[in-house]
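In UniProt numbering, the protein residues as written are 1 to 145. C-beta atoms are modelled at their ideal positions from N, C-alpha and C, and glycine is treated no differently. This structure is a prediction, so every number in the text was calculated from the model and none was measured. Each remark here refers to the structure printed beneath this line.
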């Protein structure tokens with residue numbers, strides 16, 4: 001069995017693999033600040049090219065949302081993330097891990113995501129200080145714009 005382009009010879013999946021990012025995908029980033037995980041950003045840009053910002057006019061395949069406690073209303077941010085998202089796109093909600101400054105309680109995500117028309121399908125370790133929640137449009141849900 002051969003490893004995919006993003007896998008090491010030992011079979012360990014790269015960050016870009018874990019996030020499902022492929023070459024040619026358009027990935028939008030929201031909530032960038034000095035505390036983001038640069039290794040994750042580098043892995044994703046190595047795979048797909050530059051990340052576009054939230055002012056893009058393009059339809060995007062994925063949205064990376066860096067969100068910390070105190071960054072504002074999570075529901076509104078998720079709704080904003082849905083605007084340019086393709087119908088089969090994914091939102092990656094990146095939050096500081098427990099014990100880190102800006103940690104977001106899981107209950108805040110589990111309350112805000114469904115209200116925005118999203119459902120959480122999985123979580124990943126997104127770096128030393130960050131966790132990622134994979135959010136997709138609920139079947140039959142229309143984006144609340």
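Original post:
Closest to residue 127 by CA distance: which of 31, 69, 35 and 47 is it?
Top reply: 35
**OP:** Could you tell me whether the segment 42 to 51 touches the segment 72 to 88, where touching means 3 or more Cβ pairs closer than 8 Å?
**Re:** no
Original post:
Residues in its own chain within less than 8 Å of residue 46 by CB, not counting five upstream and five downstream?
Top reply: 16
Original post:
Since residue 107 is in the alpha helix (DSSP H), which residue starts that stretch and which ends it?
Top reply: 106 to 115
Subject >> Proximity to residue 96 [Cα-Cα], best of 131, 33, 26 and 19 >> reply: 131
**OP:** Alpha carbon to alpha carbon, how far is residue 103 from residue 28? Give it in angstroms, no decimals.
**Re:** 22 Å
Subject >> Nearest neighbour of residue 78, chosen from 121, 24 and 115 [CA to CA] >> reply: 115
Original post:
Between the C-alpha atoms of residue 139 and residue 82, what's the straight-line distance to the nearest angstrom?
Top reply: 14 Å
Original post:
Which stretch, first to last residue, makes up the alpha helix (DSSP H) that contains residue 139?
Top reply: It is not in any alpha helix (DSSP H) - residue 139 carries neither H nor E in the DSSP assignment.
Subject >> Rounded separation between residue 9 and residue 123 - CA only >> reply: Because the pLDDT at residue 9 is just 38, under 50, the model does not fix this residue reliably, and the point stays unresolved.
Original post:
When DSSP labels each residue in this structure, what does residue 45 get in the three-state scheme?
Top reply: helix
Subject >> residue 126 - containing beta strand (DSSP E), residue span >> reply: That residue, residue 126, is in no beta strand (DSSP E); it is neither H nor E in DSSP.
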